[in-house]
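Quick notes on the structure that follows.
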Amino acid sequence: MSKFKRNLVTTALPYANGPVHIGHLAGVYVPADIYVRYLRKKGEEVAFIGGSDEHGVPITIKAQKEGVTPQDIVDRYHKIIKDSFAELGISFDIYSRTSSKTHHELSSAFFKKLYDEGKFIEKTSMQFYDEKAGQFLADRYIIGTCPRCGNERAYGDQCEACGTSLNATDLINPVSAITGNKPELKETKHWYLPLDQYEGWLKEWILEEHKEWKPNVYGQCKSWLDSGLQPRAVTRDLDWGVPVPVEGAEGKVLYVWFDAPIGYISATKDLTPEWEKYWKDPETRMIHFIGKDNIVFHCIIFPAMLKAEGSYILPDNVPANEFLNLEGDKISTSRNWAVWLHEYLVDFPGKQDVLRYVLTANAPETKDNDFTWKDFQTRNNSELVAIYGNFINRTLVLTQKYFDNIVPERGELTDYDREVLAEIPRIIERVEKSLDTFHFRDALKEAMNLARLGNKYLADTEPWKVIKTDEARVKTILNICLQISANLSTLMEPFMPFSSRKLREFMNIDAIEWSKMGDGVIQAGHELGQAGLLFDKIEDDVIQAQVDKLLATKKANEMASATAAPAKENINYDDFMKMDIRVGKIIAAEKVAKTKKLMKLTVDTGIDQRTIVSGIAEHYAPEEVIGRQVSVLVNLEPKPLKGIVSQGMILMAENVDGTLSFVTPDKEVKPGSEIR
């Protein structure tokens, strides 16, 4: 029996400067939804809170790049994120946004209460200022060379190449990302939350009272606390965000880390006029689902804010996951190296549960894990289709075939039957234990064990053979299989709600309460619905299309980051003048036999018609090049290639990806025209 009356479950607020990807889903939103659906199935009261984080520098940078307002950016991506979450079945009670009127009012009031009670300290510091732009520069508006790894595109808060946390003043040769100018240090005043004053309380609250937290969460908190906490700014110089509600703070807003978690409170306030019972009643259990990059904010900083305010409850657990990588590489929004949820939903219609299943089965709960499209296909075809779907389909089809789609009466049970039926509540208990302790990967594995149990039972009892000699025995077998199937419709629902609904339609049953699972959940004489396939096989070409999309992204990234080769040593003018480069016209072309790269060309140079062998066959077909005007080095010493004497060289431009393009005049000129 729970010691709490109700549950408040929050999820990290995604930045509304882009869509969400599978890393976000695996780390935060799928596990949170599984847990909430589980609590609801058990009949517990839950408020499931989500929303978009619509303040902060990444949004202003995105707006500046696109030449639109920050509001345009957040309006666009808030809708994309909210709609894609809903389509994936993330069952928020509210999905709000931090640009709302309620949020601005509540954040201002929260700050003002702490300000009036003297909970902040004022500090004047030197901060980079861009004279040309006329503004102080937030950390992400400063770019320079990382002092640790030498990356020339490090930001003022972090180097994404080596992962080092930085201060803007650590950068070598810092420049403004707005104008490219070298910024100057200028004095500015800000308000700070003195975290060091809460260090003793935090050590007791976390390290002594919450040893049950996941090791990665507890360990990161301990590391921070052992290192000693420092005051942290709660305001910054920016014009996008919640204005600081005190005199003398013009041009300043609440720091996004300060106002974003208050978004959980404002969203709850928008959800219900009884919002305070979720936030101020100690009989409410608050749980934050976050990624590991948010552990410190939700376990140390936000609790310190709540403690300072004085009237709010504190989180009971913060089950953070590690990161999910993609095809062996770190997911990166800036490099477009991601599987975006809204695109997945278009490319894989009706397969929301497949993604939910794969991300849970491969969840990065204790360490970073890797998502690959091949594993996605294998788990769908070998597990969802071949195990779960196969068991359901065989059970329903055999019942339809032998007993006119009516649940048959159960006869005398064998020891094996009793063993199988006894295993059902044991599996349910193991699933519950794993869900209660936030081990979602183990919980799903146990739930799938019920489908495996059913599959093995069918294979062992072979009703398709027994029907020839003992119909009564087949009735018992299929009755037990239908009990397992009905239980699966509830046991699997937190993980895969769409297929659970489909399964109930196949069986023509209502939703079964969690506490009612076990034997006897479907009665003899009940008429089943129309059977179908619970899951479809995913073919190789569908997966290859996704792999090709990623390969194209990788190629584009390589080209974008490539730099030109350094210049070769200088030559004198006389050496250059020795080269005779003319415009020629290709009049015949054919591939050189037994080679991949070589093509034999006949070129009209204006001087003569000559044979030139060129390594362009992997880039052009012979019929594509005939009639083209090209640049030809006509006084290159002849050279035999594969038995053909080549009398010159066609000049080509080689792109960073190795592709070749002709160097050609922009309009038709007479063959033989000199290139100087």
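For the sequence shown, position 164 matches number 164 in the UniProt record's numbering, and the numbering has no gaps at all.
Glycine residues also receive a C-beta, built at the ideal position from the N, C-alpha and C atoms.
* Asked: Since A304 and Y388 are thought to touch, with beta carbons under 8 angstroms apart, how far apart are those beta carbons, to the nearest angstrom?
  -> Between Y388 and A304 the Cβ distance is about 46 angstroms, and since that is not below 8 angstroms, they are no contact.
* Asked: For S499, which option in Y357, A472, I480 has the closest C-alpha, if you only look at C-alpha atoms?
  -> Of all alpha-carbon atoms in Y357, A472, I480, the one lying nearest the alpha-carbon of S499 is that of Y357.
* What are the start and end residues of each continuous beta strand (DSSP E) run of 3 or more residues lying completely inside the stretch 57 to 126, in chain order? -> Correct list: 94 to 97.
* Leaving out five residues on either side along the sequence, give the residues of the same chain with a beta carbon under 7 angstroms from the beta carbon of E493. => Same-chain partners within the cutoff: R37, K41, S500.
* **Close-in-space but distant-in-sequence residues of the same chain around I287 (CB under 8 angstroms, 5 per side omitted)** => Cβ contact annotation for I287 (same chain, cutoff 8 angstroms, sequence separation greater than five): N7, L8, V9, T10, Y35, P315, D316, N317, V318, P319, in chain order.
* Asked: Exposed or buried, what is I121 when buried is set at 16 or more other beta-carbons lying within 10 Å of its beta-carbon?
  -> Of the other Cβ atoms in all chains shown, fewer than 16 fall within 10 Å of the Cβ of I121; this residue is therefore exposed.
* Asked: Any idea which residues DSSP pairs Y155 with across the strands?
  -> In the DSSP assignment, Y155 forms a beta bridge with I143.
* Asked: Grouping DSSP H, G and I as helix and E and B as strand, with all else coil, what is L551?
  -> Three-state result, L551: helix.
* To do: Kindly indicate the opening and closing residues of the alpha helix (DSSP H) around N393.
  => Run containing N393: 390 to 403, per the alpha helix (DSSP H) assignment.
* Asked: Around the C-beta of M1, are 16 or more other C-beta atoms found within 10 angstroms, so that it is buried, or is it exposed?
  -> Because M1 sits at a pLDDT of 39, beneath the cut-off of 50, its placement in the model cannot be relied upon, and the point is left open.
* Where does M126 land, buried or exposed, given buried means 16+ other C-beta within 10 angstroms? -> Its Cβ having fewer than 16 others within 10 Å, M126 is exposed.
* Asked: Between S84 and L341, which are expected to be in contact by the criterion C-beta below 8 angstroms, what is the C-beta distance as a whole number of angstroms?
  -> Taking the Cβ atoms as the reference, S84 lies roughly 5 angstroms from L341, within the contact range of under 8 angstroms.
* Return helix, strand or coil for M1, following the three-state DSSP convention. => For M1, the predicted model reports a pLDDT of 39, less than 50, meaning its position is unreliable; a value from the coordinates is still stated below. M1: coil per DSSP, three-state reduction.
* To do: To the nearest angstrom, report how far apart T605 and G643 are at their CA atoms.
  => Within the model, the alpha-carbon separation for T605 versus G643 is close to 22 angstroms.
* Are T102 and D53 touching if we call contact CB-CB under 8 angstroms? -> No, the pair does not count as a contact, with Cβ atoms beyond the cut-off.
* Asked: Hey, F495 and N380 are a contact pair by Cβ (cut 8 angstroms); roughly how many whole angstroms apart?
  -> Beta-carbon to beta-carbon, F495 and N380 are separated by about 14 angstroms, too far to satisfy the 8 angstroms threshold.
* Asked: Between R473 and the rest of its own chain, which residues show a CB-CB distance below 6 angstroms, the 5 nearest in sequence each way excluded?
  -> Only V466 meet the Cβ criterion.
* State yes or no: is the C-beta of P70 within less than 8 angstroms of the C-beta of W257? => Not a contact, by the Cβ cut-off of 8 angstroms.
* **alpha helix (DSSP H) runs wholly inside the UniProt domain "TRNA-binding" (575 to 676), at least 4 long, in chain order** => Within the UniProt domain "TRNA-binding" (575 to 676), complete alpha helix (DSSP H) segments of at least 4 residues are found at 622 to 625, given in chain order.
* **M286 - partner residues in DSSP beta bridges** => The bridge partners DSSP lists for M286 are L8.
* To do: Just the C-alpha distance for N572 and K578, rounded to the nearest angstrom, thanks.
  => Rounded to the nearest whole angstrom, the CA to CA distance from N572 to K578 is 11 angstroms.
* Can you name the residues that DSSP bridges to F495? -> Answer is none; F495 lacks a bridge partner.
* **Every unbroken beta strand (DSSP E) inside the stretch 18 to 53 [3 residues or more]** => List check, beta strand (DSSP E) in window: 46 to 52.
* Kindly indicate which residue of D574, P364, L598, K65 has the alpha-carbon position closest to the one of R676. => Of the listed residues, the one whose Cα sits closest to R676 is D574.
* To do: Output the residue ranges of the beta strand (DSSP E) runs that lie fully inside the stretch 185 to 209 and measure 3 residues or longer, sorted by chain position.
  => Every candidate beta strand (DSSP E) stretch fails here, since none sits fully inside the stretch 185 to 209 while reaching 3 residues.
* Secondary structure at Y416, three-state DSSP: helix, strand or coil? -> Here Y416 sits in helix by DSSP.
* To do: Just tell me which of K475, V603, P183 has its CA closest to the CA of G144.
  => Of K475, V603, P183, the residue nearest in Cα terms is P183.
* Keeping to the same chain, check which residues put their C-beta closer than 6 angstroms to that of M517; ignore five residues upstream and five downstream. => Excluding sequence neighbours, M517 sits near I428, N487, T490.
* Asked: How big is the Cα-Cα spacing for H619 and L601?
  -> A straight-line Cα-Cα distance of about 14 angstroms links H619 and L601.
* Taking the alpha-carbon positions, what's the L458 to G350 distance? -> Each residue's Cα considered, the two are about 28 angstroms apart.
* To do: Kindly indicate which three-state DSSP category E309 falls into: helix, strand or coil?
  => Assignment of E309 by DSSP, reduced to helix, strand and coil, places it in the helix class.
* To do: Could you check if A447 is buried or exposed, using at least 16 other CB atoms within 10 Å of its CB as the buried criterion?
  => Taking all protein chains in view, the Cβ of A447 is crowded by 16 or more other Cβ atoms within 10 Å, so the residue is classified as buried.
* Could you check if K401 is buried or exposed, using at least 16 other CB atoms within 10 Å of its CB as the buried criterion? => Counting Cβ neighbours within 10 Å, K401 comes out exposed, since fewer than 16 surround it.
* Asked: What is the residue span of the alpha helix (DSSP H) that L341 lies within?
  -> L341 -> alpha helix (DSSP H) spans 341 to 347.
* To do: Report the three-state DSSP secondary structure of Q135 (helix, strand or coil).
  => Q135: strand per DSSP, three-state reduction.
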